[in-house]
Structures are given as structure tokens and as C-alpha cells.
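Below: the structure, in C-alpha cells.
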Amino acid sequence: MHKRVPDTHFKVVYDGKISELNAALGLHTFNSRVQGGKLKAKNEIRIASLFKTAPEEFLKMIVVHELSHLKEKEHNKAFYALCANIEPAYHQIEFDVRLYLTHLDLFGEIY
Ligand SMILES: [Zn+2]
Numbered sequence: 020m021h022k023r024v025p026d027t028h029f030k031v032v033y034d035g036k037i038s039e040l041n042a043a044l045g046l047h048t049f050n051s052r053v054q055g056g057k058l059k060a061k062n063e064i065r066i067a068s069l070f071k072t073a074p075e076e077f078l079k080m081i082v083v084h085e086l087s088h089l090k091e092k093e094h095n096k097a098f099y100a101l102c103a104n105i106e107p108a109y110h111q112i113e114f115d116v117r118l119y120l121t122h123l124d125l126f127g128e129i130y
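If you read the sequence shown in the numbering used here, its first letter stands for residue 20, the second for the next number, and so on.
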């Protein structure tokens, strides 16, 4: 028997409120929140708006990161194996993204 994904509604959104380095990379995909008195679980990928103007490769890295969280919630070995399976250059790109975000934090916009 197939295991079904509990919620078929899935969306990807830019979030202007995500600006900090850790928030940009440490987001978790499965959010549960109380809305109108009931608990609502949703499958959602939130991407910091700053990636709108970053190199495309960086946006891809964030999407790969968040997609991998669909299967593995923690940042463990299995998680990074999933990332590298989708994008072989994942580790290099994540490093570049961290440098980019650090630059934004310290010196401001490049693009
Ligand atoms: Zn993460």
C-alpha cells in the first residue's frame, strides 16, 4: 500500500520577513499553527525575499534544502545526502549562500 502525503495542498512563497542568516537557512517545511481556533498543518516552503535578487543557483539551493526537509526534518547526515542527491554541488552552493548572506548582513546589497 502506498503511503499518502497527508496534505496535497502545497505551496511555495516568498517571505519578506525572513532576513536573518539562520532563519533563511534553518526554516522547516512542515509548519503547524493555530488558526481560527483549530490546528492547521500545512506543507509550505517559505523562501526569504532576498533570494529574488540573488543568483539563480542560490534560489535553487534553498529549494533543494526545503524539499529535502519534506523527508528529513533534521539537519543530519541523511538530510545532506538527500540534498546532494538532488544537487551534486549542494555543499559548495550552500557555502556560497552562507558567504553571500554574511556579506549582506555586514555590508549590504551587492545586486
Ligand atoms: Zn533546514
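Glycine included, each C-beta is placed from N, C-alpha and C at the ideal position.
Next item on the list: With a cut-off of 8 Å on the beta carbons, I'd call Glu76 and Ile112 a contact; round off their distance for me.
Entry: 6 Å
Item checked: Through-space distance from Lys79 to Ile105, alpha-carbon basis -> 10 Å
Margin query: By the DSSP assignment, the alpha helix (DSSP H) with Asn104 in it spans what residues?
Written below: 96-105
Notebook entry, point to check: With a CB to CB cut of under 7 Å and the five nearest residues on each side skipped, what residues in its chain are close to Ile81?
Noted result: Ile66, Phe70
Next item on the list: Report the partner residues of Arg65 according to the DSSP bridge assignment.
Entry: Val32
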